[in-house]
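Student: Numbering of the sequence shown is given in this note's numbering, commencing with residue 39 and proceeding in unit increments.
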Amino acid sequence: MSIQKTAFGAIDGQPVEAFEIETGPVRATIITYAAALSRLFVPDGEGQAADIVLGYDDPASYVQNRGSAGAICGRFANRIADARFTLDGETYTLSPNEPPNHIHGGFGGFSKRIWTGEPDTADNAVRLTLHRPDGDEGYPGAVTTSVTYRLTGDPALEIVMEATTDRPTVVNLAYHGYWNLAGHGSGHVRDQHLLIDADRYTPVGPGKIPTGAFAPVAGTAFDFRSLRPIGAMIDDTTQLPEAGYDHNFCLDDRGEPLRRAARAVDPVSRRGLEIWTNQPGVQFYTANHFGKVPAVGKGGAVYEKHAGFALETQNFPNAPNIPHFPSAVLRPGETYRHVMRIPFFVA
């Protein structure tokens, strides 16, 4: 198997590269800016391939448009309340890039950086690495991070995120891709069907910061325990003030190395995927920000509200400040390892 490497433009004079990998009918393109998955072609029920991830045709558009499309977010993905946390008795102040809170690693988080990419032809994979110094965005410890994208013959996409540190710190990496199983430029995803393997979710207060409670999904707009249209209750503004989802679900743990987070199907094209992970949560987000500021994506496609849906496997938001949430602490000598496995199927 060959891996194609091409130039993808530049940011402030720094080159951005693209790597293309394929297995059978599935083809993926990964760029070194944000270690982002920028294209993913998957066949439908008739064997016709379409690109099912939102993205852009040039680096400048990735920089300019909100939403972290396809990016790896860190050092701590999602939100940290009041942009601070305490670790081993010392309080650290982070960059408040969503005032007064911190989100997705700050102004210069991992999703705003150019990574170093290397092809792995033997494994049909691309490995990207990033090193950030002690004090970066206010975090303690120098951190070395890698993400490996691999296509397997099932077909499936595997994403493995790893990190090590030289001082105690907190780490929560997330793949922030937006799916549209009908094709990235096909319009809204409200009619696509979703299942989330979660009996509970974490309710949020101001700034979308979790309250610390666990709430049952039963009988609410958050009940995706069986396949149902994403838009079935999305306009219920008593439960979803933004008329959209941006919530963390607590995944059911059955004691297996990987737990299923979600299953999604487009009933028209019959494309489907599942997401399996070793993480305790998944953030379900319906690209609500495009409602305020639409973006021009690949091939001139216009991304408007609900143009895609993100399923970001993760630790729980604000975990460093809520003791009964899973620990996000990483210490020297340990390796943070976050696995996502995404098999594709035809329904």
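All C-beta atoms, glycine included, are put in the ideal place defined by N, C-alpha and C.
None of these values were measured; they are calculated from a predicted model.
Which whole runs of the alpha helix (DSSP H) in the stretch 166-232 are 4 residues long or more, in chain order?
Tutor: Listed in chain order, there is nothing to give.
Student: For P244, count the other beta carbons within 10 Å of its own beta carbon; 16 or more makes it buried, fewer makes it exposed. Which is it?
Tutor: It counts as exposed.
Student: Comparing C-alpha positions only, which one of Y213, L189, T190 sits nearest to E200?
Tutor: Ranking Y213, L189, T190 by Cα distance to E200 puts Y213 first.
Student: Can you tell me which of the three DSSP states A150 falls into?
Tutor: Rather than Ala, the amino acid found at residue 150 in this sequence is Lys. It is helical.
Student: Pull the bridge partners of T351 from the DSSP assignment, please.
Tutor: For T351, which the question treats as bridged, DSSP gives the partners V320.
Student: Name the two residues that bound the continuous alpha helix (DSSP H) containing P97.
Tutor: Taken as a continuous stretch (DSSP letters only), the alpha helix (DSSP H) holding P97 covers 97-102.
Student: Below 6 Å CB to CB, which residues in the same chain sit around Y100 once its five sequence neighbours on both sides are set aside?
Tutor: Answer for Y100: Y71, Y94, listed in chain order.
Student: What number of angstroms, rounded off, separates the C-alpha of G250 from the C-alpha of A339?
Tutor: Distance between the alpha carbons of G250 and A339 is about 39 Å.
Student: So what's K336 in DSSP terms, helix, strand or just coil?
Tutor: It is helical.
Student: Any idea which residues DSSP pairs I380 with across the strands?
Tutor: L195, per the DSSP bridge assignment.
Student: Please classify G243: does DSSP put it in a helix, a strand, or coil?
Tutor: In the structure shown, G243 sits in coil (DSSP, three-state: anything other than H, G, I, E or B).
Student: Alpha carbon to alpha carbon, how far is H140 from D158?
Tutor: Near 35 Å, if we compare the C-alpha coordinates of D158 and H140.
Student: Could you give the uninterrupted runs of the alpha helix (DSSP H) lying entirely in the stretch 47-116, keeping only those of 4 residues or more?
Tutor: You should have 97-102.
Student: Closest Cβ-Cβ distance between T44 and chain C: below 8 Å?
Tutor: This model lacks chain C altogether, as it is built from one protein chain only.
Student: Leaving out the 5 sequence neighbours to the left and right, which residues in its chain are closer than 8 Å to I380 when beta-carbon positions are compared?
Tutor: Around I380: A194, L195, E196, I197, L311, E312, I313, W314.
Student: Take Y177 as the anchor and find which of P364, N210, V320 has the nearest alpha-carbon.
Tutor: Nearest of P364, N210, V320 to Y177, Cα basis: N210.
Student: Pick from R228, F363, F354: whose alpha carbon is nearest that of G217?
Tutor: The sequence given here places Trp at residue 217; Gly does not occur at that position. Checked all of R228, F363, F354; the closest Cα to W217 is R228.
Student: Between A423 and Y323, how many whole angstroms is the CB-CB distance? I'm expecting something under 8 Å.
Tutor: Absent from the structure is residue 423, since the part of the chain shown begins at 39 and ends at 385.
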